[in-house]
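Residue numbers (mature numbering (1 follows the signal peptide of the UniProt record, and there is no 0)): -20 to -1, 1 to 612. Scroll down for the structure; my scribbles are underneath it.
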């Protein structure tokens, strides 16, 4: 090849010749990247940024399944030296966390080591799914994985997906089935599977990982038949597909509010005329369903013509929001049944390759600080919480989780609320409720208990599989608690690892992080956390990374018989029964008491996450405590 001519071609295509990042010849097409350096360090790595894995979801592709991007074309080189657009999203608390917003945002970033693997084998691959309540976040900020790549010797891919209205609007029928954000994620993972070998990665050693709503997404990807064969491991940080905030079963009300607000539907249009109801009742039972779907098609077609800047403001006032659509709304949806049912189905787990995947699940030691921060932002540092606030919060949660039982028996609901309130708020200091109690309630119902429920279910199903088919290929499961009290919090009202604070120990550029005040202990902990998650991604067993700190003690797998976990901190240790009383309260005692009030045998109680009758509709918590689930 004539090098000067080739150089001229690259210059015409906008490729920087100053970069030593090699041009990659992938099945998708040729890609050029750039050199990067770890923040605050000297280690270098390559970045291939803003690669489109799907066509822009605009026009007829808005509110539709993603379509694969065909690549740059024969003889062309895609310039992947700059980050792509963030997906459209509203500001949070008046803060514009993302700047360049555009619907043309279905891109991914690939970060690779600069040298071939020392073993000669391809690098393990980690695919990051960001959090943000399914309506915030991107691959543009908070996601540069310099240390994961350079210290962990892995390739990291960070993906973007449609958010909020554009990613999860659903009419619960064929007009707009929803779950576009999840389908985007799945297509991005499939793109990685098909192309990562060209970047030096191992397509047979892919780990997906995420935090908060990203962890909820990881769990849903795990349980989806669409993901069969796409990845072998999963890491869920502070999030679960079994959490109440991870599913939405009442999307139509939100769609109607949006349609009314944008002029795509007149008030009252959602109510079918009397003749429609009569015809459906006496002539054609499906007529009302067809009439409703045609209404929805008109709404969706109208919404496709609304500019994105006019849609975004509605993301902040529609109470029910646009989160993940309940999976059974359509028979071909992303997962065929409730996630809580799927994790209890050994046959489904084996058939879809789920049982053989390795799983690491973790939670921070004081997730609920994020809620207290919101309260103090609104009410000042001396904000007070009284009994009515606690009762309102707990009663709302009970009505959501046990809707049928609570609605039919308000006396039982009141008694249970008193039990829960006593559990969390006693003893008191000077008659005042400790704000830590409020943080614990939020931590438990949002993160700790859903995580424990999922681990219990997976462990029981795995044990059943091994009993029925000895020698079955089942994956390993590990549980950790990020148990650290950063020195930067010495003057804080509450201390510990709040929701999202683990990200600063994982990524280079986390907004609102306290990296500038990191002590030597924090730096060492960051290195240990990076080693732990990357070792798990490589082998499915993190012990090689943490064993030295445990003085030879092994970190056991989590199982139905041995619920061990790693208390990860400056001095890690192996413990048992994470938050045992708090978990048993919600998974065992409350369901048993409800069964007792119904005259049932408490020993036959089924935890509320597994009850078919527990209609997991999105609740509307008191405004004081929730602002669009910003922290997920």
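Here a beta-carbon is modelled for each residue, glycine too, at the ideal position from N, C-alpha and C.
Closest residue to residue i among the options (Cα-Cα distance)
i           : options            : result
residue -1  : 87, 32, 92, 441    : 92
residue 119 : 79, 130, 542, 338  : 79
residue 345 : 567, 317, 463      : 463
residue 421 : 436, 100, 405, 431 : 405
residue 490 : 3, 129, 34, 122    : 122
residue 37  : 272, 50, 146, 233  : 146
residue 185 : 502, 549, 518      : 518
residue 198 : 208, 205, 220, 180 : 220
residue 97  : 196, 108, 134, 106 : 134
residue 252 : 263, 231, 274      : 274
residue 352 : 473, 315, 377      : 473
Cα-Cα separation, residue i to residue j
i           : j           : result
residue 90  : residue 29  : 6 Å
residue 213 : residue 487 : 20 Å
residue 334 : residue 215 : 14 Å
residue 291 : residue 42  : 12 Å
residue 167 : residue 390 : 46 Å
residue 557 : residue 17  : 41 Å
residue 466 : residue 20  : 19 Å
residue 366 : residue 222 : 30 Å
residue 478 : residue 427 : 12 Å
residue 433 : residue 317 : 17 Å
residue 407 : residue 229 : 38 Å
residue 248 : residue 236 : 10 Å
residue 129 : residue 14  : 15 Å
residue 26  : residue 60  : 11 Å
residue 66  : residue 240 : 27 Å
residue 110 : residue 52  : 26 Å
residue 552 : residue 379 : 39 Å
residue 368 : residue 115 : 31 Å
residue 299 : residue 233 : Because the pLDDT of residue 299 is 49, which lies under 50, any placement of that residue in the model is unreliable, and the number read from its coordinates should be weighed accordingly. Cα to Cα, the separation comes out at about 9 Å.
residue 204 : residue 211 : 12 Å
residue 108 : residue 170 : 14 Å
residue 100 : residue 137 : 21 Å
Spatial neighbours of residue i in its chain, beta-carbon cut-off 6 Å, leaving aside the 5 residues before and after
i           : result
residue 283 : 244
residue 132 : 510, 514
residue 363 : 355, 356
residue 590 : Low per-residue confidence applies at residue 590: pLDDT is 44, beneath 50, and the placement is therefore not dependable, though the value from the model is reported in the following sentence. Contacts found: 320.
residue 437 : 323, 324
residue 63  : 29, 30, 120
residue 156 : 43, 149, 150, 280
residue 277 : 155
residue 11  : 4, 28, 58, 60
Proximal residues to residue i (C-beta, below 8 Å), its chain only, five neighbours per side dropped
i           : result
residue 440 : 324, 540
residue 445 : 326, 329, 330, 335, 452, 454
residue 45  : 160, 163
Strand pairing of residue i, partner residues [DSSP]
i           : result
residue 421 : For residue 421, which the question treats as bridged, DSSP gives no partner whatsoever.
residue 459 : 341
residue 217 : 191, 342
residue 24  : 17
residue 556 : 544
residue 108 : 138, 189
residue 262 : Paired residue(s): none; residue 262 is not in a bridge.
residue 685 : Outside the shown range of the chain, which is -20 to 612, sits residue 685, and nothing can be said about it.
residue 32  : 87
residue 621 : The structure shown does not extend to residue 621, since the chain is modelled only from -20 through 612, so no value can be given for it.
residue 81  : 66
residue 103 : 181
Same chain, Cβ closer than 7 Å to residue i, neighbours up to 5 away in sequence not counted
i           : result
residue 183 : 173, 176, 177
residue 261 : none
residue 54  : none
residue 268 : 252, 256, 257, 260
residue 563 : 428, 429, 432
residue 538 : 435, 439, 457, 458, 459, 544, 545
residue 271 : 252, 256
residue 614 : Beyond the ends of the chain as shown, which are -20 and 612, falls residue 614; an answer cannot be given.
Check: residue i C-beta below 7 Å from any heavy atom of the ligand ATP
i           : result
residue 476 : No copy of the ligand ATP appears in this structure; indeed no ligand is present at all.
Cβ pair count under 8 Å reaching 3, the region 395 to 406 against the region 186 to 200: no
For the pair the region 445 to 463 and the region 332 to 349, tell me if three or more CB-CB distances fall below 8 Å. yes
Inspect the CB distances between the region 500 to 509 and the region 476 to 487 and report whether three or more fall short of 8 Å. yes
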